[in-house]
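What follows is a set of notes on a single structure, which appears directly below.
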Amino acid sequence: MLDKNDMKMLREMMEATVKETVEATVKETVEATVQKAIEPLQQDICDLKEEVNGVKLHLENVTDRNISILAENHGYLVKKFNEAVEAAHNNHVNTVQTSYLIEHVANLENRMQAVEKNMAL
């Protein structure tokens, strides 16, 4: 039969075994739970990487090309604007000269009429 010391040792051994089993079970459960929580995060990270790569490709292929086209057209438009400004300036100068000549011709006509009146007298 078992005496008190033997029973105590058996009890301690069982407690140690139960403790080790519980600790191992808790550790496995925690690891499994953490792994389950990490897997969706890893998938999200992969999805984000793909999305970032897609944005980079779009920037390289579409946006950069469109910026180049805009820059080329900007130079062309600046040239056309400068030509239009020069043409408008020339038109303004011609208008001023025409106004001056019309006034000068009217003045000469008035003087000519005055001379004709003096000769008729």
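Residues in the sequence shown are numbered from 1 upward in steps of one, following this note's numbering. All C-beta atoms in this analysis are idealised placements derived from N, C-alpha and C, irrespective of residue type, glycine included.
**Prompt:** Quick one: what does DSSP say LEU70 is sitting in, helix, strand or coil?
**Reply:** Helix.
**Request:** Could you check the C-alpha separation between GLN43 and ALA37 for me, to the nearest Å?
**Result:** Roughly 11 Å separates the two Cα atoms.
**Item:** Spatial distance of LYS80 from HIS89 (CA atoms)
**Value:** Distance from the CA of LYS80 to the CA of HIS89, rounded to the nearest whole angstrom, comes to 14 Å.
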